[in-house]
Amino acid sequence: MIKHLSIGLGDARLAVQAVLDATRPSDGPVAVSVVDGDGNPIYQVRQDGALSVDVRNAERKAYSAAYIGRDTSMWRLQILHDGRTVADWANAQLTTIHGGWTLRRASQVIGGLGVSGAGDEDRDEQLALKGAEAAAQLAVDEWRTKRDPRPIRERSAVRT
Amino acid sequence: MGGPIPSVPLMFQQPRLGLSEAERARDAILAALTSTDSPIALAIADEHGVPILLVRQDGAPARMLSRARAKAYTAANLGLDTVTFRDQHVNAKQRTLNDWGDLQITTLQGGLAVKLGGNVIGGIAMSGNTTMRDEALALIGLRAMALPS
């Protein structure tokens with residue numbers, strides 16, 4: 001059996017809240033989506049006034065980041081370099097619009113986070129990064145609570 | 161051309177379901193869950209069926225959120241609770257969903273139309289348990305929105 005990690009609802013809600021907390025008055029109302037490692041939504045919100053196209057694109061950005069395993073802006077650079085287009089993947093849910101971040105833990109893709117509506121795609125990406133950073137911080141906090149507090153030399157069986 | 165701008169109203173306003181109402185419904189539903197409930201999925205949509213809030217608890221299969229979204233979309237677009245749509249518009253008239261020509265609509269129980277002053281402003285739907293339990297939980301959420309009657 002393999003062990004498959006996935007972001008849970010609790011972490012997803014905290015990541016979305018980190019995005020909403022980072023918005024400024026100059027930002028447009030946003031939609032934020034968090035999906036699992038397969039691209040299926042876990043938690044998604046739409047601020048008052050966000051357009052339906054923002055809802056659609058936040059989800060597509062999150063899906064793309066999780067499904068491809070790359071942030072959408074990085075994936076765009078890669079396929080431009082390779083001379084390809086999104087159409088090569090034959091998947092209408094995929095997008096290279098900036099604002100989708102891949103969420104990882106223990107080298108595994110555990111989900112994706114997408115933002116749309118702030119005003120331009122690069123601002124969407126900045127906000128999505130706040131959510132991805134919050135999710136990463138949760139992993140760090142979890143690791144700190146589980147790690148052996150002793151110094152390394154006291155933990156090593158070789159150096160006794 | 162270039163005459164005075166007519167004074168007749170050119171636009172109309174309509175109330176819309178906001179994120180704060182959706183969050184109140186979310187909190188009430190999550191608080192109402194018991195240990196006998198399976199992990200749930202919740203969808204709250206605007207009057208066009210576009211999601212405002214989606215929630216999938218840990219352990220709930222992805223199809224549960226797909227079903228909840230379809231129920232909320234149906235309730236919002238048709239202005240009917242999905243069980244009413246099933247019983248009075250599909251079953252009673254011996255129709256099938258093909259008559260509506262919309263692949264997103266469903267007759268699964270558990271979707272409620274959100275109304276304000278007689279106008280449909282959205283849909284709320286649950287999935288994950290029996291369809292009757294889904295509807296009961298959706299009703300808890302609908303009431304928690306505290307919309308004026």
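Taken in order, these protein sequences are the chains called U and H. All the letters of the first sequence, read from the start, carry residue numbers 1 to 160 under the working numbering. All the letters of the second sequence, read from the start, carry residue numbers 161 to 309 under the working numbering. Note that beta-carbon positions come from the ideal geometry of N, C-alpha and C, so glycine has one too.
CA-CA distance, residue i and residue j?
i              : j              : result
W261 (chain H) : A92 (chain U)  : Strictly speaking, residue 261 (chain H) in this sequence is Gly, with Trp absent from that position. Distance between the alpha carbons of G261 (chain H) and A92 (chain U) is about 21 Å.
R56 (chain U)  : D148 (chain U) : 44 Å
D197 (chain H) : R223 (chain H) : 17 Å
A273 (chain H) : G301 (chain H) : 12 Å
D38 (chain U)  : T242 (chain H) : 29 Å
I7 (chain U)   : S309 (chain H) : 39 Å
I79 (chain U)  : I68 (chain U)  : 12 Å
A132 (chain U) : P164 (chain H) : 54 Å
Q47 (chain U)  : V86 (chain U)  : 28 Å
A220 (chain H) : A18 (chain U)  : 24 Å
A296 (chain H) : R303 (chain H) : 11 Å
E183 (chain H) : E154 (chain U) : 49 Å
I97 (chain U)  : Q248 (chain H) : 44 Å
F245 (chain H) : R144 (chain U) : 53 Å
L238 (chain H) : F172 (chain H) : 21 Å
V45 (chain U)  : Q269 (chain H) : 24 Å
A298 (chain H) : G271 (chain H) : 7 Å
D141 (chain U) : A192 (chain H) : 30 Å
A58 (chain U)  : L214 (chain H) : 13 Å
V168 (chain H) : D294 (chain H) : 46 Å
K3 (chain U)   : D259 (chain H) : 45 Å
H81 (chain U)  : D88 (chain U)  : 14 Å
P151 (chain U) : M1 (chain U)   : 34 Å
E181 (chain H) : L170 (chain H) : 29 Å
Would you mind sorting residue i into buried or exposed? The rule is 16 or more other CB atoms within 10 Å of its CB.
i              : result
P25 (chain U)  : exposed
G83 (chain U)  : exposed
W101 (chain U) : buried
R159 (chain U) : Per-residue confidence for R159 (chain U) stands at a pLDDT of 47, beneath the threshold of 50, marking its modelled position as unreliable; no derived number is given.
P211 (chain H) : buried
S33 (chain U)  : buried
Q264 (chain H) : exposed
I189 (chain H) : buried
T266 (chain H) : buried
M305 (chain H) : buried
A31 (chain U)  : buried
L182 (chain U) : This structure gives no information on residue 182 (chain U), because the portion of chain U shown stretches from 1 to 160.
I278 (chain H) : The sequence given here places Gly at residue 278 (chain H); Ile does not occur at that position. Looking at its Cβ environment, which holds fewer than 16 other Cβ atoms inside 10 Å, G278 (chain H) is exposed.
V16 (chain U)  : buried
L240 (chain H) : buried
A90 (chain U)  : exposed
Determine which residues share a DSSP beta bridge with residue i and list them.
i              : result
G271 (chain H) : H:A285
I204 (chain H) : H:L213, H:I284
T102 (chain U) : U:G112
S33 (chain U)  : U:Q44, U:G114
L276 (chain H) : H:N279
Can you give me the Cβ contacts of residue i inside the same chain, cut-off strictly under 7 Å, excluding the 5 residues immediately before and after it?
i              : result
D218 (chain H) : P199
G99 (chain U)  : K61, T72, G114, V115, S116, E121, D124, E125, A128
I281 (chain H) : P175, R176, L177, E207, V274, K275
A106 (chain U) : L5
K130 (chain U) : A18, V19, A22
G49 (chain U)  : P29
W14 (chain U)  : Reading off the sequence shown, one finds Leu at residue 14 (chain U), where the question assumed Trp. Hits under 7 Å: A134, L138.
M292 (chain H) : Q269
Leaving out five residues on either side along the sequence, give the residues of the same chain with a beta carbon under 8 Å from the beta carbon of residue i.
i              : result
L9 (chain U)   : I42, Y43
A66 (chain U)  : V35, D36, G37, D38, G39, T102, L103, V109, G111, G112
L257 (chain H) : V250, I265, T266, T267
G119 (chain U) : S26, D27, G28
D187 (chain H) : A304
I'd like the list of long-range same chain contacts for residue i, defined as Cβ closer than 6 Å, with 5 residues on each side in sequence excluded.
i              : result
R216 (chain H) : A201, L225
L276 (chain H) : P175, L307
S64 (chain U)  : T72, L94, T95, G100
A12 (chain U)  : V34, I42, Y43
A236 (chain H) : A205, E207, G209, G282, G283
(message) Closer than 8 Å is the cut-off here; do at least three beta carbon pairs connect the region 62-79 of chain U with the region 230-238 of chain H?
(response) no
(message) Count Cβ pairs between the region 284-295 of chain H and the region 214-229 of chain H that sit closer than 8 Å; are there 3 or more?
(response) yes
(request) Count the C-beta pairs between the region 130-147 of chain U and the region 48-64 of chain U that are closer than 8 Å, then say yes if the count reaches three, no if not. (result) no
(message) When you compare the region 242-253 of chain H with the region 201-208 of chain H, are there three or more beta-carbon pairs, one atom per stretch, that lie closer than 8 Å?
(response) no
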